[in-house]
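Trainee:
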Amino acid sequence: MREGSLGIRLINSLGQTIYSITFNLTTTPEKTIHIGALKGPSDKVEDRNQVIKTLTRSFHGLRPKALMVELALFFARALGYEKAVGVSNKGHIYQALRYKGSKNKAVTFNYDELWDEYGATVIDKYRFEIPTLPERKDPSTLAKRNKRRLYTKRYAWLDEMEMSLKARLDELKVGTSEF
């Protein structure tokens, strides 16, 4: 994969990829996860928009693309990575000169907008630094009771998922020196 050597996929019961996030892990000069791509459902996925809506509801209002970012950050934190970098719209591999005319228009996703939502800071025109522990809304400050409940459930679900991933990775580490 041009966008990264590791990835996480969200697949449906037919084995079709609904969402995927691709990244690299580096250790020099510091432990950093570099997110190179986030892709949504292809044309082959039937009723794509409905699938996204259904997933968002089942994720307590969290959009699937945000879930994928959260999962990548969980993975990085579980392995002790302190820094996260995301590709910008201009920095995506398909913006390279060799793709002009072929895949140059293939990227329709707005990375800059997503990283803004995460409170990321611009490193340069190609990259953003993403907080490895994104700021969460305080549910008690939300006006509507149903929103407070939604965010409370979402954060509990995310915390449970992160603990589960970390426990599984810790099991895999037993007997190895390091990842």
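Under the working numbering, think of the first position of the sequence shown as 3, with each following residue one higher. Cβ atoms here follow ideal geometry from the backbone N, Cα and C, with glycine treated the same way.
Have a look at Y83 and G38 and give me their C-alpha separation to the nearest angstrom.
Mentor: Within the sequence shown, residue 83 is the residue found at index 81, counting from 1. Within the sequence shown, residue 38 is the residue found at index 36, counting from 1. For Y83 and G38, the distance between alpha carbons rounds to 16 angstroms.
Trainee: Please tell me whether, using a cut-off of 6 angstroms, the distance from the CB of Y21 to the nearest non-hydrogen atom of the ligand SAM is below it.
Mentor: Among the components modelled here there is no ligand, and therefore nothing to report on the ligand SAM.
Trainee: In three-state DSSP terms, what is Y21?
Mentor: Looking up residue 21 in the sequence shown gives position 19. Three-state DSSP puts Y21 in a strand.
Trainee: Using beta-carbon positions only, say whether Y120 and P136 come within less than 7 angstroms of one another.
Mentor: To locate residue 120, count along the sequence shown from 1; it is residue 118. To locate residue 136, count along the sequence shown from 1; it is residue 134. Yes; because the gap between Cβ atoms is below 7 angstroms, this pair is in contact.
Trainee: Do you know whose CA, among E164, W159, G9, lies nearest L64's CA?
Mentor: The residue given as residue 64 occupies position 62 in the sequence shown. Ranking the options by Cα distance to L64, first place goes to W159.
Trainee: Would you call M165 buried or exposed, if buried means 16 or more other Cβ atoms sit within 10 Å of its Cβ?
Mentor: Residue mapping note: residue 165 aligns to position 163 of the sequence shown, counting from 1. With fewer than 16 other Cβ atoms within 10 Å, it is exposed.
Trainee: Taking DSSP as the reference, what is the three-state secondary structure of N51?
Mentor: Numbered from its first residue, the sequence shown carries residue 51 at position 49. The answer is helix: DSSP assigns N51 an H, G or I state.
Trainee: So, with DSSP's three-state summary, where would you put D45?
Mentor: For this step, residue 45 is matched to residue 43 along the sequence shown. Three-state result, D45: coil.
Trainee: Hey, how far is the Cα of T111 from the Cα of N14?
Mentor: In the sequence shown, the residue the question calls residue 111 occupies position 109. In the sequence shown, the residue the question calls residue 14 occupies position 12. Note that residue 111 corresponds to Phe in the displayed sequence, not to Thr. Their Cα atoms are separated by approximately 21 angstroms.
Trainee: The alpha helix (DSSP H) that contains L75, what's its start and end?
Mentor: By 1-based counting over the sequence shown, the position of residue 75 is 73. Taken as a continuous stretch (DSSP letters only), the alpha helix (DSSP H) holding L75 covers 66-80.
Trainee: For the 8 angstroms Cβ check, are there 3 or more pairs between the segment 66-86 and the segment 18-28?
Mentor: Touching, yes, given that three or more Cβ pairs across the two stretches are closer than 8 angstroms.
Trainee: To the nearest angstrom, how far is the alpha carbon of S44 from that of Y21?
Mentor: As a position in the sequence shown, residue 44 is number 42, starting the count at 1. As a position in the sequence shown, residue 21 is number 19, starting the count at 1. Approximately 9 angstroms, taken between the alpha carbons.
Trainee: Return the chain-ordered list of same chain residues with a C-beta closer than 6 angstroms to the C-beta of Q52, the five sequence neighbours on each side being excluded.
Mentor: Indexing the sequence shown from 1 puts residue 52 at position 50. If we look at Q52 and ignore the five residues flanking it on each side, it has no Cβ neighbours.
Trainee: Could you check which residue in N91, K92, H36 has the C-alpha nearest to that of K85?
Mentor: Looking up residue 85 in the sequence shown gives position 83. If we check each option's Cα against that of K85, H36 comes out closest.
Trainee: Could you tell me the alpha carbon to alpha carbon distance between V89 and T143, rounded to whole angstroms?
Mentor: The residue labelled residue 89 in the question sits at position 87 within the sequence shown. The residue labelled residue 143 in the question sits at position 141 within the sequence shown. The straight-line gap from Cα to Cα measures roughly 32 angstroms.
Trainee: Determine the burial state of L116: buried for a count of at least 16 other Cβ atoms within 10 Å of its Cβ, exposed for fewer.
Mentor: Locating residue 116 in the sequence shown gives position 114, where the first residue counts as 1. The residue in question, L116, is buried, as its Cβ has 16 or more Cβ neighbours within 10 Å.
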